[in-house]
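Written out below as structure tokens is the structure these notes cover.
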Amino acid sequence: MFVYCAVSTKPDIEIAWYHGQTKVSVTDDARYRMDSENCMYRLVIMAVSVADAGDWRCLATNSYGQCISACRLDVVGQCTLLSLQ
3 MFVYCAVSTK PDIEIAWYHG QTKVSVTDDA RYRMDSENCM YRLVIMAVSV ADAGDWRCLA
63 TNSYGQCISA CRLDVVGQCT LLSLQ
């Protein structure tokens, strides 16, 4: 699943993603990946599960201040792989 945040500003910004009040760390959890192209910042969530449901925020910070973009993720169900024998 992809979550996007578009930010255009100078000077350069630092982007942080949050799930609820918890800052997402790509170094601590391999399920998350962050990348950017031009003014578009993206959080990739691998193998979305019910635990990923809730409020997500993108926090952009530079020397002038902060800007927040937020969304809510609802996970309806979870896929289960079955083995046929």
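Quick note: to get this note's numbering, add 2 to the position in the sequence shown (first position is 1). Virtual Cβ for every residue (Gly too), placed ideally from N, Cα, C. Note that this is a predicted model, so its numbers are computed, not measured.
Beta-carbon within less than 6 Å of Cys7's beta-carbon, same chain only, minus the 5 sequence neighbours each way: which residues are those?
Reading the sequence shown from its first residue, position 5 is the one you call residue 7. The answer, listed in chain order, is Tyr43, Cys60 and Ser71.
Residues sharing a beta bridge with Gly62, DSSP
Position 60 of the sequence shown holds residue 62. Reading the sequence as shown, one finds Ala at residue 62 and not Gly. Note: Ala62 sits in a beta bridge opposite Ile17 and Cys69.
If you count every other CB in all the chains shown that lies within 10 Å of the CB of Ala53, and 16 or more means buried, which is it?
Here residue 53 corresponds to residue number 51 of the sequence shown, with the count starting at 1. The residue is exposed, with fewer than 16 neighbouring Cβ atoms inside 10 Å.
Let me check understanding here. Comparing Cα to Cα, which of Ala32, Ala62 and Ser38 lies closest to Thr11?
As a position in the sequence shown, residue 11 is number 9, starting the count at 1. The shortest C-alpha to C-alpha distance from Thr11 to any of Ala32, Ala62 and Ser38 is the one to Ala62.
Check whether the Cβ atoms of Asp31 and Asn64 sit closer than 8 Å, and answer yes or no.
Looking up residue 31 in the sequence shown gives position 29. Looking up residue 64 in the sequence shown gives position 62. For Asp31 and Asn64, no; Cβs fall outside 8 Å.
Beta-bridge partners of Ala8, as assigned by DSSP
On the sequence shown, residue 8 is found 6 positions in, with the first residue counted as 1. Ala8 is bridged by DSSP to Met42.
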